[in-house]
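Take the sequence shown: its position 12, counted from the start at 1, is 12 in full-length UniProt numbering, and no numbers get skipped.
Down below is the structure, laid out as structure tokens.
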Amino acid sequence: MIEGTSLGRQLDILHRSMDASLLRQNVIANNIANANTPNFKRSDLNFESRLAYALESSARKPRFQERTTHDRHIPFHKPLDYRDVRPRRVLDFATTAKNNGNNVDIDVESMDLLNSQLAYQMMTRSVADSFARINLILR
Numbered sequence: 001m002i003e004g005t006s007l008g009r010q011l012d013i014l015h016r017s018m019d020a021s022l023l024r025q026n027v028i029a030n031n032i033a034n035a036n037t038p039n040f041k042r043s044d045l046n047f048e049s050r051l052a053y054a055l056e057s058s059a060r061k062p063r064f065q066e067r068t069t070h071d072r073h074i075p076f077h078k079p080l081d082y083r084d085v086r087p088r089r090v091l092d093f094a095t096t097a098k099n100n101g102n103n104v105d106i107d108v109e110s111m112d113l114l115n116s117q118l119a120y121q122m123m124t125r126s127v128a129d130s131f132a133r134i135n136l137i138l139r
């Protein structure tokens, strides 16, 4: 792929976000499937906030340049590479919405699923538009 370019980076970020969106849809589907299971605790996926933090940390410049004199010294500012960010499944064990110990709310899960599907469609459209621009330039 076009890894070194900004287009390559944009497509890589979109690819990772699309993978996370599909994983989120599977997590939400599992939550909905277990909506009436006693003591079932819903899960969520944490990816976008961590990705945003990684992208921000690579753009942020430290206020002053630290000086380390040994390889084992801990730097003050170590940017997080966005390629190291992985989706994390988080279990919501602190809440209970029903008398049977289950905390799945079908309305919330349905809305989350719809939002995830719409985000995925927007990302696929963005990828298609990027390749359409490349195709237009190559003609």
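Note that the Cβ used here is the ideal one computed from N, Cα and C, for glycine as well.
- Item | Exposure label - Glu56; buried when at least 16 CB within 10 Å | Along the sequence shown, one-based indexing puts residue 56 at 56. Looking at its Cβ environment, which holds fewer than 16 other Cβ atoms inside 10 Å, Glu56 is exposed.
- Sequence-distant residues of the same chain with beta carbon closer than 6 Å to Ala54, five excluded per side: Counting from one through the sequence shown, the residue named residue 54 turns up at place 54. For Ala54, where only same-chain residues beyond five positions count, the Cβ hits under 6 Å are Leu80, Tyr82 and Val85.
- Own chain residues within Cβ distance below 7 Å of Gly101, not counting five before or after: Sequence index remark: in the sequence shown, residue 101 carries index 101 (1-based). Here the set comprises Pro38 and Asn39.
- Validate contact between the region 107-125 and the region 14-24 using beta carbons, cut 8 Å, 3 pairs: The region 107-125, when compared against the region 14-24, does touch it at the 8 Å Cβ threshold.
- Looking only at DSSP bridge pairs, what is Asn46 linked to? Walking along the sequence shown from the start, residue 46 turns up at place 46. In the DSSP assignment, the residues bridged to Asn46 are Arg88.
- Message: Using a 10 Å radius around the Cβ and a threshold of 16 neighbouring Cβ atoms, would you call Leu136 buried or exposed?
- Response: Here residue 136 refers to the residue found at position 136 of the sequence shown. Classification for Leu136: exposed.
- Query: So, Leu45 versus Arg89, is the Cβ gap smaller than 7 Å?
  - Reply: What you label residue 45 is simply residue 45 of the sequence shown in a count that begins at 1. What you label residue 89 is simply residue 89 of the sequence shown in a count that begins at 1. A Cβ-Cβ contact shorter than 7 Å links Leu45 with Arg89.
- Option in Ile74, Ile28, Leu11 and Leu7 with minimal Cα separation from Asn115: Mapped onto the sequence shown, residue 115 falls at position 115. Ile28 is the residue among Ile74, Ile28, Leu11 and Leu7 whose C-alpha sits nearest the C-alpha of Asn115.
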